[in-house]
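Below you'll find the structure, written out as structure tokens, and then a few comments.
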């Protein structure tokens, strides 16, 4: 990972941070990340039971988080198990911390 110094962000860092920010821009996605951060992994159905929204909506939010690289999914037919992508989670924390310094 590139080191960010003197609050100078490369175009790559800016693009990556924007991708993370877009994924974090919805309250439901924030709640999904909060729930996933409290456990090692969980299935889509587990999230549907906890969140007051339809399964298809949960799936759309999971897709956004996965596209941003903040979570990863493992298909275990007929279910998909999701967890935090620890490497990108650390990267997002570093980027945002450096940005807000």
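Numbering (my numbering), first residue to last: 571 to 671. C-beta: ideal position from N, C-alpha, C; glycine also.
DSSP state of residue i mapped onto helix, strand, coil
i, result
"residue 615", "helix"
"residue 644", "strand"
"residue 572", "Its pLDDT being 49, under 50, residue 572 is placed unreliably by the model, and nothing is read from it."
Through-space distance from residue j to residue i, alpha-carbon basis
i, j, result
"residue 671", "residue 583", "15 Å"
"residue 616", "residue 669", "34 Å"
"residue 647", "residue 601", "25 Å"
"residue 650", "residue 581", "34 Å"
"residue 592", "residue 645", "25 Å"
"residue 628", "residue 614", "8 Å"
"residue 661", "residue 619", "30 Å"
"residue 654", "residue 626", "20 Å"
"residue 642", "residue 652", "6 Å"
Cβ separation of residue i and residue j, assumed to be a contact under 8 Å, to the nearest whole Å
i, j, result
"residue 658", "residue 640", "6 Å"
Short Cβ contact (8 Å threshold) for residue i with residue j
i, j, result
"residue 586", "residue 664", "no"
"residue 589", "residue 638", "yes"
"residue 604", "residue 631", "no"
"residue 621", "residue 612", "no"
Just to confirm the assignment: which complete alpha helix (DSSP H) runs, minimum length 4, are found wholly within the stretch 580-639? 581-593, 597-607, 614-620 and 625-638
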